[in-house]
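*Asks:* Attaching a single structure in structure tokens format; questions to follow.
Number of protein chains: 2
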Amino acid sequence: MLLASTDTNWLCEKFNYAGSGWRETFVSFGTCSIPEPLESLEALGLVPADLLTNIEKEEKIVSDIPATSAAAVYATPGFGVANLPYGSYSIGEEAGAENTRLGLRLGETVLSAEGLGHLAGLPADLIGLLHAPNLDQLLTADRPTWDRIRTDFINFLSSADSADAVASVAHSIDAVTMNLPFTVADYVDFYASEHHASNVGAIFRPDQDPLLPNWKHLPVGYNGRAGSVYVTGTDVLRPKGLRPESGGAPSFGPSRRLDIEAEMGFVAGHGAPHGEIPLSEAEDHIFGVMLLNDWSARDIQAYEYVPLGPFLGKSFATSISAWVTPLTAFDAARVSTPTREKQLADYLDDSHLAPGGLEISVEVLVGTEVVATTPYSAMYYSPAQMLTHMTVNGAPLRPGDLFGSGTISGPERGQRGSFLELSWGGKEPLNLRDGSEMSFLEDGQTIGLRATAQTTRGTIVSLGEVWGTILPAT
Amino acid sequence: MLLASTDTNWLCEKFNYAGSGWRETFVSFGTCSIPEPLESLEALGLVPADLLTNIEKEEKIVSDIPATSAAAVYATPGFGVANLPYGSYSIGEEAGAENTRLGLRLGETVLSAEGLGHLAGLPADLIGLLHAPNLDQLLTADRPTWDRIRTDFINFLSSADSADAVASVAHSIDAVTMNLPFTVADYVDFYASEHHASNVGAIFRPDQDPLLPNWKHLPVGYNGRAGSVYVTGTDVLRPKGLRPESGGAPSFGPSRRLDIEAEMGFVAGHGAPHGEIPLSEAEDHIFGVMLLNDWSARDIQAYEYVPLGPFLGKSFATSISAWVTPLTAFDAARVSTPTREKQLADYLDDSHLAPGGLEISVEVLVGTEVVATTPYSAMYYSPAQMLTHMTVNGAPLRPGDLFGSGTISGPERGQRGSFLELSWGGKEPLNLRDGSEMSFLEDGQTIGLRATAQTTRGTIVSLGEVWGTILPAT
């Protein structure tokens, strides 16, 4: 077995970015300095079989394209030409608008989107969409345009000798600063995981049916705060607010139950000023996918939320990936949504449509330790259903509208995407590798999300990670 | 008694725009063609005493300034130099960005803000803030800047012979199209009227305490949809959605309980990227005031709202005035907020501060008929408390952030700002003047909000009206 590159950094990236099957290996290697060729590792029994399978899949993709192509030279597992996510990067110390450009990620390299457009011979009107500091302009276009640009880029990057040409528009990812990839218009947060909704119901309303009567009839959602959506790496200041106390009157102070919500985020493009987007057309309006951490102060939320829902318990920070992967990249990672227990209204009925779920595995990390691995495929409602629901009342869709799936949780304890669930409301703290226990987030902790889809085409598509460190309340 | 103008249109405007005391007179005059000088009307017993008082107040203001000033020539009651609201106007059939400008309203005249800046001799940096299609640029400035510009404008407009100069930057309000006055960043809706919250609680939870335990400890609020905030005059399409049915499963169709919420809206300027704005500084971040109608589909809302609050029942449309009156214009219309039944947390305690309430009377109209007159002065939480609360968790404040007070209701039946309350959940329909009954909104109805403050300085400050016509579901 030969890899396209035996560079250890490249292999480290595999361990760092890959999906759930590789977790134990990642943990075993710790800081990931890999001392041996892969064959030796295998012989030593250090590489589990499914890791080999994944690497073989990547190898197949890489082997299909010329060795002198950018795709072969620059790609890393999860960030090959099958992914090609967009982001906003700045060069130099001054991250002003003039130094900020729309880019694409290939491996550990950031390519100027406009520069790549010229190299790929795109017509001027399409290059115009890429001559921008972020995704905002491209989001105003439509799916045929997005897919045309993507196809041209993949073809060019896979062509012989493209590696040399690409060098002129390439930056090392370490040499740039990543910004919010688009201007968030409205931000909506859904609650689309049955396991999460059931867990939360069981924790807060132990003597009732954990799912409320509306849950299997519509994707429950609410509006969040667009102005506090931040790019990965932004520190999170522990919020202050009113917390419930047993005496009746609340107390004011820093949140004692700071939490995460591991979610998938979707950004809308191709706006619809009058809403009412039919389910069959919904994906024409979903440009791309990213990881999203909806930081949550459970105590503040618990006190404030009746009867109008979450407000300050959620509005202090929401973190998203720097990289937005086009929805098209997941075409070969489709899965059916779960069988419907209740008949959905016609506008939400997806039984006659192609599978709307996504086979993506999401990991939750405390520092370097993976504490949960959650299956996005278990979500009850698809992204298309969420978007259609959001607009069925005539609400306009704007390019840059962001919606989150809600916490992704699976049926097992290790598949829960929030610490509220992982610690069962604080009653069953987690045991961390260093011997400590934790229930909710502590100051100084760094929390990460990472995710990978393994497509039926044999490619691996990773999402940009989301990290944030908790700073103490001021 | 002499009026500054005896033009009948001018007097009609008094009837159309003035506060609750004039209601019966307005109703009596119907389409408002006033045949006689005011003295004759008084002699005929057609003008109630409080109307005369209001007109005398206006007259006093007008009499203090030279007859050749723009303030004397252009002003109408409620829209004199004591008001001077900002808006975005377009000239010509193409309402493109190049034809759209920031303007100020004086009477029935729209003045170019930039043009007025030149006439008033403002320095170039301040004129730069006014050279814009709407308020967005000015909102990025701060209170001293806003007040400096306002004072210079009032002084210029009140100076002798300014009327002639102003003609060069003036348009009749009938000759322009009004647009959304600013780009809405985030939109938050509060629930700050004790009478409204108590009424809603009594209607929906008749066997419980109508106010939930948190209500007197914090201003309950939630995030709304910024993308569906429209300027007055925008038609409202009846929304479709899932409606509760007695059988258990919901039905899908047009809302059967379409409603309004008569609210005051406040727009933030002078952003605070790290939130945490102390109560004593909150008003430095509130640029201005407008009327706001938070259209609400009560049946859709009732089905969807547990446990995460309103979503599609509210997100289809929110209407605001075309004109934003600077908060400073209400300096002489301050009133104390109600005595606090529960001790507020320090960050919300306004007992040591100047009065934070506003003496503004809001009328709800069905066509030309006033069906309710609600007192904004009865609101439990002040605009400053709402803004401080919204940012206490570190949520950033952005210029263009809009927040609504929540429905304004007083203790009496005729003081309720929603049809849910006016019809007591549909059980006690209203009798309209034409003999018909109504509970919720019917297709084809036109609903209006108008409001006036009568300040202790003797001036009358009216808010721009908010109108919307219900179109049938498609």
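Read top to bottom, the protein sequences are chains A and B.
For the first sequence, the positions run 1 to 474 when my numbering is used.
For the second sequence, the positions run 1 to 474 when my numbering is used.
Every residue, glycine too, gets a C-beta built ideally from N, C-alpha and C.
Here the structure is a predicted model, which is why all the values come from computation and not from measurement.
(1) Curious, which full-length alpha helix (DSSP H) runs of at least 4 residues does the segment 98–146 of chain A contain?
(2) Pull out every residue of the segment 393–409 of chain A whose Cβ sits closer than 9 Å to any Cβ of chain B, in chain order.
(3) Does residue 298 (chain B) come within less than 8 Å of chain A when only Cβ atoms are used?
(4) Determine the chain B residues that contact residue 345 (chain A) at a beta-carbon separation under 7 Å, and present them in chain order.
(5) Under 8 Å Cβ to Cβ from residue 97 (chain A), same chain only, skipping five residues before and after it: list those, please.
(6) Output, in sequence order along the chain, the residues in the segment 312–330 of chain B whose CB is closer than 7 Å to any CB in chain A.
(7) In this structure, what does DSSP give as the bridge partners for residue 352 (chain A)?
(8) Could you check what DSSP says for residue 170 (chain A) in three-state terms: helix, strand or coil?
(9) Going along the segment 99–117 of chain B in order, which residues come within less than 8 Å of chain C, judged by CB to CB distance?
(10) By how many angstroms is the C-alpha of residue 453 (chain B) removed from the C-alpha of residue 407 (chain A)?
(11) Once DSSP output is grouped into helix, strand and coil, what is the label at residue 281 (chain A)?
(12) Would you say residue 286 (chain B) lies against chain A (beta-carbon separation less than 8 Å)?
(13) DSSP state of residue 73 (chain A), grouped into three classes?
(14) Report the three-state DSSP secondary structure of residue 203 (chain B) (helix, strand or coil).
(15) Taking only runs of the alpha helix (DSSP H) that begin and end inside the segment 302–327 of chain A, which ones reach a length of at least 4 residues, in chain order?
(16) Per DSSP, which residues does residue 447 (chain A) bridge with? Please list them.
(17) Given that a residue counts as buried once 16 or more other Cβ atoms are within 10 Å of its Cβ, and exposed if not, what is residue 471 (chain A)?
(18) Pick out the complete alpha helix (DSSP H) segments inside the segment 177–263 of chain B, 4 residues or longer, and give them in chain order.
(19) Between residue 252 (chain B) and residue 345 (chain A), how many whole angstroms is the CB-CB distance? I'm expecting something under 8 Å.
(20) Using three-state DSSP, classify residue 382 (chain A) as helix, strand or coil.
(21) Reducing DSSP to helix, strand and coil, say where residue 38 (chain A) ends up.
(22) Between residue 44 (chain A) and chain B, is any beta-carbon pair separated by less than 8 Å?
(23) Helix, strand or coil, according to DSSP, for residue 298 (chain B) in the structure here?
(24) Considering residue 420 (chain B), what are the terminal residues of the alpha helix (DSSP H) in which it resides?
(25) Bridge partners for residue 410 (chain B) per DSSP, in chain order?
(26) Exposed or buried, what is residue 257 (chain A) when buried is set at 16 or more other beta-carbons lying within 10 Å of its beta-carbon?
(27) Give the single residue among B:278, B:269, B:377 and B:188 whose Cα lies nearest to the Cα of residue 147 (chain B).
(28) Is it true that the segment 312–329 of chain B meets the segment 329–337 of chain A, where meeting means three or more beta-carbon pairs spaced less than 8 Å apart?
(29) Which residues of the segment 220–232 of chain A have a Cβ closer than 9 Å to any Cβ of chain B? Give them in chain order.
(30) Going by DSSP, name the residue or residues bridged to residue 290 (chain A).
(31) Answer with buried or exposed for residue 227 (chain B), where buried requires no fewer than 16 other C-beta atoms within 10 angstroms of its C-beta.
(32) If you measure beta-carbon to beta-carbon, which residues of the segment 185–201 of chain A are closer than 7 Å to chain B?
(33) What is the rounded straight-line gap between the Cα of residue 393 (chain A) and the Cα of residue 314 (chain B)?
(34) Please classify residue 124 (chain A): is it buried, with 16 or more other beta-carbons within 10 angstroms of its beta-carbon, or exposed?
(35) For chain B, is any of its Cβ atoms less than 8 Å away from the one on residue 214 (chain A)?
(36) Quick one, are the C-beta atoms of residue 465 (chain A) and residue 183 (chain A) less than 8 Å apart?
*Replies:* The short version:
(1) 113–119, 124–130 and 136–139
(2) 393, 394, 395, 396, 397, 398 and 401
(3) no
(4) 242 and 252
(5) Apart from sequence neighbours up to five positions away, the residues of its chain that approach residue 97 (chain A) with a beta-carbon distance below 8 Å are 133, ordered along the chain.
(6) 312, 315 and 316
(7) Per DSSP, none; premise fails for residue 352 (chain A).
(8) strand
(9) Looking for chain C here will not work: the only protein chains present are A and B.
(10) 47 Å
(11) helix
(12) no
(13) helix
(14) helix
(15) Those alpha helix (DSSP H) runs which fall completely within the segment 302–327 of chain A and span 4+ residues are 312–315.
(16) A:366 and A:468
(17) exposed
(18) 194–204
(19) That belief holds up - the Cβ atoms of residue 252 (chain B) and residue 345 (chain A) are roughly 4 Å apart, short of 8 Å.
(20) coil
(21) Note that residue 38 (chain A) scores 47 on pLDDT, short of 50, meaning its location in the model is unreliable and no value can be drawn from it.
(22) Here residue 44 (chain A) scores only 45 on pLDDT, less than 50, and its place in the model should not be relied on; the value that follows carries that caveat. No - not a single Cβ of chain B is within 8 Å of the one on residue 44 (chain A).
(23) In the three-state reduction of the DSSP assignment, residue 298 (chain B) falls in the helix class, which pools H, G and I.
(24) For residue 420 (chain B), the enclosing alpha helix (DSSP H) covers residues 419–422.
(25) According to DSSP, which records beta bridges pairwise, residue 410 (chain B) is partnered with nothing at all.
(26) buried
(27) Among B:278, B:269, B:377 and B:188, the Cα nearest to that of residue 147 (chain B) is on B:269.
(28) When Cβ pairs closer than 8 Å are counted between the two stretches, the segment 312–329 of chain B is seen not to touch the segment 329–337 of chain A, the count staying below three.
(29) For the segment 220–232 of chain A, which is checked against every Cβ of chain B, the residues closer than 9 Å are 220, 221, 222, 223, 224, 225, 226, 227 and 228.
(30) A:265
(31) buried
(32) Per Cβ criterion, the list reads 185, 186 and 191.
(33) 9 Å
(34) exposed
(35) yes
(36) no
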